[in-house]
Each structure stands twice: as structure tokens, then as C-alpha cells.
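Chemist:
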């Protein structure tokens with residue numbers, strides 16, 4: 038069985054379908070719209086491709102804007118960093134260097150009378166008898 042796609046003006050296609058309604062009702066001819074048969078027209082394919090192209094162009098535009106914004110942020114942050122480094126260098130130049138070496142004349146000696154003596158009393162004693170009763174020696178602790 039051969040299949041055809043009929044194209045033409047809407048008015049003429051409607052007339053053909055009306056003329057063939059008896060054959061259609063008897064099942065001699067079946068008419069399937071393009072949307073139901075799975076075929077894609079050139080016009081539909083072109084529209085789909087144009088939509089996809091527009092989406093890709095939009096995406097590329099957004100990415101380009103994003104890159105431009107990031108480049109501007111990098112330049113601004115680099116300038117700010119350089120300004121801070123310059124300010125740190127200025128402040129270091131203004132502050133005199135902290136010389137941690139002390140002159141020998143600055144040392145002070147404490148008089149011997151300030152020393153307090155502390156006596157330590159060790160009152161912990163262990164008896165040998167206690168160790169024998171418990172069976173535990175110093176080694177087991």
C-alpha cells in the first residue's frame with residue numbers, strides 16, 4: 038500500500054477530505070494528520086532549530102556577561118590589594134623599628150635579702166608491713 042502526503046491550500050484540502058468522506062467511512066482510505074504520524078515538517082524543524090539557536094545565544098550572552106563581571110571584580114580586587122600593600126609599606130616606614138636589644142646598663146640586680154627560703158617537709162612514709170598484707174608492691178602500682 039502506498040502512502041502520500043498531500044499539501045495545498047487549506048480550502049482545497051478541506052474539499053478533498055469532504056469528497057473522500059464516503060471512502061474514509063468505508064475504511065478504504067485513512068487520513069492521518071502529520072502531527073499524529075510522527076513526521077516533522079520542514080517548517081516545524083526550522084522553528085525548533087531557531088528556538089534552540091536562540092537559547093544557545095542567550096546562554097552564551099549570559100556567560101559572556103558573567104565573565105565580564107568577573108574580570109571587573111578581579112581588576113577591582115587587585116587594585117584594592119595593591120592599595121593595601123602600599124598603605125602597609127607607608128605605615129611600616131612611619132613606625133620606628135623596634136630594637137629588642139637592651140643595653141647592658143639597663144639590667145637590674147636583685148638584692149639577696151629578697152630571696153625567701155621554703156622548707157619542704159615530706160611526711161609520706163610507707164611501711165613494709167602494709168605492702169606484705171595487701172600483696173601489692175611499688176611495681177604493681
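Residue numbers (the working numbering): 38 to 178. Ideal placement from N, C-alpha and C gives every residue a C-beta, glycine not left out.
Given this structure, state the Cα-to-Cα distance separating residue 118 from residue 98, to the nearest angstrom.
Modeler: Within the chain shown, numbered from 1, the residue matching residue 118 stands at position 81. Within the chain shown, numbered from 1, the residue matching residue 98 stands at position 61. Looking at the two C-alpha atoms, the distance is approximately 30 Å.
Chemist: I believe residue 233 touches residue 68 by the beta-carbon criterion, under 8 Å. Please report the beta-carbon distance rounded to the nearest angstrom.
Modeler: In the structure as shown, the chain begins at 38 and stops at 178. Residue 233 is therefore absent and cannot be evaluated.
Chemist: For residue 78, collect the residues of the same chain with a Cβ closer than 8 Å to its Cβ; drop the 5 residues on either side in sequence, then sort them by chain order.
Modeler: By one-based count along the chain shown, residue 78 stands at place 41. Hits under 8 Å: 71.
Chemist: Determine the direct distance from the alpha carbon of residue 162 to that of residue 178, and round the result to whole angstroms.
Modeler: In the chain shown, counting from the first residue as 1, residue 178 sits at position 141. In the chain shown, counting from the first residue as 1, residue 162 sits at position 125. The predicted position of residue 178 is uncertain, since its pLDDT is 46 and thus under 50; a value taken from the coordinates is nonetheless stated next. The alpha-carbon atoms of residue 178 and residue 162 are separated by roughly 16 Å.
Chemist: For the alpha helix (DSSP H) containing residue 131, name the first residue and the last one.
Modeler: As a working note, residue 131 is residue 94 in the chain shown. Looking at the DSSP string, the run of the alpha helix (DSSP H) that includes residue 131 is 79-131.
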